[in-house]
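In my numbering, the protein residues as written are 2 to 290.
All residues carry an ideal CB built from backbone N, CA and C; glycine is no exception.
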Ligand code: R5P
């Protein structure tokens, strides 16, 4: 078995290799002056089971292309099998045609990963589980929840918890989380437009008054969803609000929103590498290695 890392999150790849007691494989990845990507494996993979670790996070197109080229290099170097480990799968939100004449980019990315030569895929908390069916090769879907649950259990935050889904689409995920978090009750934020040209109205389904609210989502991107839901929870009497998510995408203005004082703590995993300037005092990053 050999593990190679792309450039998107080398520290996570190193942690995975250390956990397995192996060294990362040697690979040269560089950019030419015009932006083209060059990849060369610097050790033999002939007959090996190869694992390539690369979240396809921002810059998503760069990271995806780099992964395609890594797969191609392994295939042409006679690897026995190629498993791509994608801790964060970019484009997963483009999983259907919501309007006419749109692309289904998650399906396209799955096709291209297979076409490049992957034999198997491991993804973590993919935004839409239906996208798992876009691959015609085996897919393992793993979750960030166990790491976050262990952390919360170790903190013993409060006896009076409520798990909250910040939108209706996340109810199944939040319900599973609540069950494992001491069978906590569930609340749901329901956001809807009352009509054309009218602003969104948020309703809370469930009771958060006097409770510590643990909001669960797969990702925080601009933090609009989770911050507006947190504001509603505070208005409805929640004592404190925690945000938990696997993927810290953190596009602007996420940092301003998350560090603005509404959250007691923001708990994420390291599926995406966070630079220093995206870290703030309330942030806890757990390892999914
Ligand atoms: C939506 O369905 C997702 O689960 C996230 O809630 C959403 O993508 C987060 O985006 P943002 O942080 O920009 O509101």
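Return the residue from the list the options that minimises the CA-CA distance to residue i.
i	options	result
residue 12	25, 202, 218	25
residue 29	21, 23, 38, 181	38
residue 115	143, 95, 82, 238	82
residue 257	236, 247, 280, 269	280
residue 130	94, 153, 184, 104	94
residue 137	214, 192, 120, 65	120
residue 228	265, 210, 66	265
residue 276	261, 250, 289	250
Please return the same chain residues whose Cβ sits closer than 6 Å to the Cβ of residue i, not counting the five positions on each side in sequence.
i	result
residue 284	267
residue 78	42, 46
residue 1	Residue numbering for the chain in the displayed model covers 2 to 290; residue 1 lies beyond these limits and cannot be assessed.
residue 80	46, 49, 51
Tell me whether residue i sits in a helix, a strand or coil according to DSSP, three-state version.
i	result
residue 1	The chain is shown from 2 up to 290; residue 1 falls before or after that span and cannot be answered.
residue 41	strand
residue 31	strand
residue 2	coil
residue 290	coil
residue 201	strand
residue 230	helix
residue 75	helix
residue 138	coil
residue 96	coil
Based on the DSSP secondary-structure assignment, which residues constitute the bridge partners of residue i?
i	result
residue 160	Paired residues: none, contrary to the question.
residue 50	82
residue 155	Answer by DSSP bridge pairing: none, since residue 155 is not bridged.
residue 166	189
residue 259	In the DSSP output, where bridge partners are listed per residue, residue 259 has none listed.
residue 269	286
For residue i, which residues from the same chain have a beta carbon less than 8 Å from its beta carbon, with the 5 sequence-adjacent residues on both sides left out?
i	result
residue 15	6, 25
Among residues of its own chain, excluding the 5 on either side of residue i, which ones have a beta-carbon nearer than 7 Å to its beta-carbon?
i	result
residue 18	4, 24, 25
residue 168	190, 192, 226
Closest Cβ-Cβ distance between residue i and chain C: below 8 Å?
i	result
residue 58	Absent here is chain C; the protein component of the structure consists of one chain.
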